[in-house]
Amino acid sequence: MVYAVVRTSGRQEKVEVGSIITVNRVAGDAKGNIELPAVLLVDGDKVTSDASALAKVKVTAEVLDDLRGPKIVIQRYKNKTGYKSRQGHRQDLTRLKVTGIK
Numbered sequence: 001m002v003y004a005v006v007r008t009s010g011r012q013e014k015v016e017v018g019s020i021i022t023v024n025r026v027a028g029d030a031k032g033n034i035e036l037p038a039v040l041l042v043d044g045d046k047v048t049s050d051a052s053a054l055a056k057v058k059v060t061a062e063v064l065d066d067l068r069g070p071k072i073v074i075q076r077y078k079n080k081t082g083y084k085s086r087q088g089h090r091q092d093l094t095r096l097k098v099t100g101i102k
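Per full-length UniProt numbering, the sequence shown starts with residue 1, numbered consecutively.
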């Protein structure tokens with residue numbers, strides 16, 4: 001079983017070939033492909049965490065679609081002063097499908 005831990009959007013994700021992950025918005029190339037930097041590689045019994053060896057590892061993914069996350073509501077209120085503030089936010093997300101670990 002081959003899997004890798006990749007760094008994307010300030011987080012680390014465990015991926016295998018064919019897995020679908022949702023990350024913060026990233027832009028792919030013209031064909032919709034993206035290369036993710038590996039932090040750890042597990043190939044059967046062999047675990048690679050050396051930075052020089054991981055520089056040769058390529059984890060490729062294709063962009064499936066761009067979407068937006070759920071709406072969150074930020075609300076502030078101060079008692080007896082008449083102050084209230086309300087704000088909403090939706091994060092821009094990208095869904096990726098891992099196509100290869102080499």
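Positions of the beta carbon are idealized from the N, C-alpha and C atoms, including for glycine.
Applying the 10 Å Cβ sphere with the 16-neighbour rule, what's the burial state of residue i?
i, result
"L67", "exposed"
"V73", "exposed"
"T8", "buried"
"V2", "exposed"
"T94", "buried"
"A27", "exposed"
"A51", "exposed"
What I want to know is whether the C-beta of residue i ends up closer than 7 Å to one or more non-hydrogen atoms of the ligand GDP.
i, result
"V73", "Judged by which ligands are present, the structure shown has none, so any question about the ligand GDP falls away."
Cβ atoms of residue j and residue i: under 8 Å apart, would you say?
i, j, result
"V31", "L64", "The identity of residue 31 in the sequence shown is Lys, whereas the question assumes Val. Going by C-beta atoms, K31 is not nearer than 8 Å to L64."
"G100", "T48", "no"
"V6", "V42", "no"
"D92", "R11", "no"
What does DSSP give as the partner residues of residue i in its beta bridges?
i, result
"A4", "V15 and L41"
Please check the pair residue i and residue j, which I expect to be a contact at CB under 8 Å, by giving their CB distance rounded to whole angstroms.
i, j, result
"G69", "R86", "Their Cβ separation, rounded to whole angstroms, is 19 Å, which puts G69 and R86 out of contact at 8 Å."
Contiguous alpha helix (DSSP H) assignments of at least 4 residues, all confined to the segment 39 to 76: Qualifying alpha helix (DSSP H) stretches, in chain order: 51 to 54.
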